[in-house]
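Scroll down for the structure; my scribbles are underneath it.
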Amino acid sequence: MSDSKVFLGCIPNHVEEVVLKGECEKQGTVKEFFYMQDKVGTDRGWAFVTYEDETEAAVAVAMFNGQQIFPGSARPLHCKFANEKITKIDGTVFEAPTKAVTPWQEYNTPEGKPYYFNSATKETRWEKPAELGGSAGMTTGIPSVPGASSGSAQTLALTATAANTGGQGPMGANIFVFHVPINWTDEDFHAHFSPFGQIVSAKIHVDPVTKASKGFGFVSYATPSAATMAIKGMNAFDTKQGKFLKVTIKKGEEQYNPDAVAAQNLNPGGMPPPQQTPLPVGVQPTVALGATAAQLATAASQGKMLKAGHLEPPPQLALPST
-3 MSDSKVFLGC IPNHVEEVVL KGECEKQGTV KEFFYMQDKV GTDRGWAFVT
47 YEDETEAAVA VAMFNGQQIF PGSARPLHCK FANEKITKID GTVFEAPTKA
97 VTPWQEYNTP EGKPYYFNSA TKETRWEKPA ELGGSAGMTT GIPSVPGASS
147 GSAQTLALTA TAANTGGQGP MGANIFVFHV PINWTDEDFH AHFSPFGQIV
197 SAKIHVDPVT KASKGFGFVS YATPSAATMA IKGMNAFDTK QGKFLKVTIK
247 KGEEQYNPDA VAAQNLNPGG MPPPQQTPLP VGVQPTVALG ATAAQLATAA
297 SQGKMLKAGH LEPPPQLALP ST
């Protein structure tokens, strides 16, 4: 079985085929697609997706597995290579759902205060929704809660959105990084890309069995502008290990960040610009130059290049007398 085929499970019942296929096409070129939608009101839908090559399939596994990308998900998606054996049922489509499919999720502020985010309506509130066991009728969003500033509300909403999408940033803020040295760790990866903005997640993709690096990774920023700066700063970056990074905007998000597309198109191959031979400066003190020692010293002090002058022919040698 080809490594370009992946299995995708734990898909919520309300996800239509066109929506699922659209998400899969963001990761690469879909050659074959089969979807068995859940019909009993849970999240036990599953699909087989065949991509053009193994790299695109690996991208799909990395972007889908363990992520909650669909509104109303009760648990993360399960995505693996189709030829990869399942060693346990925990977290797979074969495990019975433990809670109802609802768009409401609970999160906590850095101070430990719980708040709630609706992934379908994008509403954020302090009060626990009825679907999660709270009192009904309380629909006041965080921005109107006394004492909660609009800035803190936006921060909470961004945190909730990032957590609900499995650590991905907003559209246009997610980038792919290829040609990553195999000895880089996630910490190395994060350190190289953190100067460009707030990172939501930074992860190198590894083989699910051997845990060896696949040589590429993903970085999600809090803002599209940070992703643009990262592409400008890190595309064709010399890793000093015989590799130059190739950094691109996540496939399917080009329309949300045209500046990033323009930046990556300046060097689409991720290769360094050709080195131009610097113009010679100084002196080439060769006998053939035809310059005196004083002229060489003067040129050297002025940083100039001397042109070869007219050379007098050497004196003719006298033939030995016989």
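For the sequence shown, the numbering used here begins at -3 and goes up steadily by one.
C-beta atoms are modelled at their ideal positions from N, C-alpha and C, and glycine is treated no differently.
- Following the DSSP letters along the chain, one finds T219 in no beta strand (DSSP E), marked with neither H nor E.
- The three-state secondary structure of N170, taken from DSSP, is strand.
- By the C-beta density criterion, L4 is buried, having at least 16 other C-beta atoms within 10 angstroms.
- Non-local C-beta neighbours of F30 in its own chain, meaning closer than 7 Å and more than five positions away in sequence, comprise A43, F44, ordered along the chain.
- DSSP lists G213 as the beta-bridge partner residues of I200.
- Restricting attention to alpha helix (DSSP H) runs no shorter than 4 residues, the segment 26 to 71 encloses them at 50 to 60, ordered along the chain.
- Rounded to the nearest whole angstrom, the CA to CA distance from K76 to V2 is 6 Å.
- Comparing alpha-carbon positions, the option among I7, F172, H10 lying closest to Q23 turns out to be F172.
- Under the three-state reduction of DSSP output, E102 falls in the strand class.
- Of the residues assessed, G129 falls on the exposed side of the cut-off, its CB having fewer than 16 other CB atoms within 10 angstroms.
- If you draw a straight line from the Cα of D49 to the Cα of S0, it is about 5 Å long.
- Among the bridge pairs identified by DSSP, D234 is matched with F240.
- Judged by beta-carbon spacing, S221 lies beyond the 7 Å limit of N170, meaning their Cβ atoms are not closer than that value.
- Contact check between the segment 219 to 237 and the segment 251 to 265: three or more CB pairs, one atom from each, fall below 8 Å, which counts as touching.
- Distances from the CA of V57 to each of L16, D203, V15 were compared; the closest alpha carbon is that of D203.
- For F174, the closest C-alpha among the options A258, L241, Q260 is that of L241.
- Ranked by Cα distance from D34, the options V196, N104, D234, C6 are led by C6.
- Cβ-Cβ separation between N263 and A290: approximately 48 Å, too far for a contact (criterion under 8 Å).
- Per DSSP, the continuous alpha helix (DSSP H) segment holding L16 begins and ends at 13 to 21.
- Excluding the 5 residues flanking it on each side, K239 has same chain C-beta neighbours closer than 7 Å at H175, P177, in chain order.
- Listed in chain order, the non-local C-beta contacts of S69 below 6 Å within the same chain comprise P8, local neighbours out to five positions each way being set aside.
- CA-to-CA, the gap between T25 and E13 works out to about 16 Å.
- Checking the DSSP bridge columns, you'll see C75 partnered with L4.
- Spatial neighbours of N104 in its own chain (CB-CB distance under 6 Å, excluding positions within 5 residues in sequence) are listed in chain order as P110.
- Assignment of P110 by DSSP, reduced to helix, strand and coil, places it in the strand class.
- By the CB criterion at 7 Å, F212 and A198 fall outside the cutoff.
- Residue range 182 to 189 is occupied by the alpha helix (DSSP H) that includes H186.
- Taking a contact as a CB-CB distance under 8 Å, the pair F192 and G168 does not count as one, their CB atoms being some 14 Å apart.
- Judged by DSSP in its simplified three-state form, I227 adopts helix.
- Distances from the CA of T206 to each of H74, E80, K27, E123 were compared; the closest alpha carbon is that of E80.
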